[in-house]
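Following: one structure in structure tokens, then a few remarks.
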Amino acid sequence: MVVDQRTGARKIVRSKAVVVMDGMPPMQGRTLDIASTGLSLTFDHKLAAGDIGMVSFELFVEGKAQVLSCRSRVNYCIFSGDHFKIGFQFMNPDMATMATVNKFLR
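Reading the sequence shown from the start, the letters are residues 172 to 277 in the numbering used here.
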């Protein structure tokens, strides 16, 4: 049995995401949910836990679309059907990014 080890409040969010892992070209994914510490998304490519890159995604906050980007680390990568579910942990997000994410989570 798999135990969900994520902590903190999460909110479902479905939007396009662009992932640029170190040394790789940009690749598209779709967000699943977000928390103040990171997000999960579906992705066509397998990534290894510990890989680091830039994740950009869109959030609608107060009726406006905002594109956020944050350096992130892969926490897990699970094959699910025809894609991979990947959990990213934000690494040192800037204050503006955190403020936007926290507004979205309210």
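Note that CB positions come from ideal geometry on N, CA and C, so glycine has one too. Please read all numbers here as calculations on a predicted model, not as lab measurements.
Which of the three DSSP states, helix, strand or coil, is assigned to residue i?
i: residue 263; result: coil
i: residue 236; result: strand
i: residue 184; result: coil
i: residue 269; result: helix
i: residue 256; result: strand
i: residue 276; result: helix
i: residue 219; result: coil
i: residue 195; result: coil
i: residue 224; result: strand
Output yes or no for whether 7 Å exceeds the beta carbon distance between residue i and residue j.
i: residue 202; j: residue 239; result: no
i: residue 214; j: residue 200; result: yes
Would residue i be called buried (16 or more neighbouring beta carbons within 10 Å of its own) or exposed?
i: residue 264; result: buried
i: residue 250; result: exposed
i: residue 267; result: exposed
i: residue 257; result: buried
i: residue 234; result: exposed
i: residue 188; result: buried
With a cut-off of 8 Å on the beta carbons, I'd call residue i and residue j a contact; round off their distance for me.
i: residue 191; j: residue 225; result: 5 Å
Can you find the residues in the same chain that come closer than 6 Å, C-beta to C-beta, to residue i, ignoring five residues on each side of it along the sequence?
i: residue 222; result: 192 and 245
Looking only at its chain, what residues have a beta carbon closer than 8 Å to the beta carbon of residue i, apart from the 5 residues adjacent to it on each side?
i: residue 342; result: Residue 342 lies beyond the range of the chain shown here (172 to 277); nothing can be said about it.
i: residue 237; result: 229, 230, 231 and 271
Looking only at its own chain, which residues have a Cβ that is under 7 Å from the Cβ of residue i, when we skip the five neighbours before and after it?
i: residue 208; result: 179, 260 and 261
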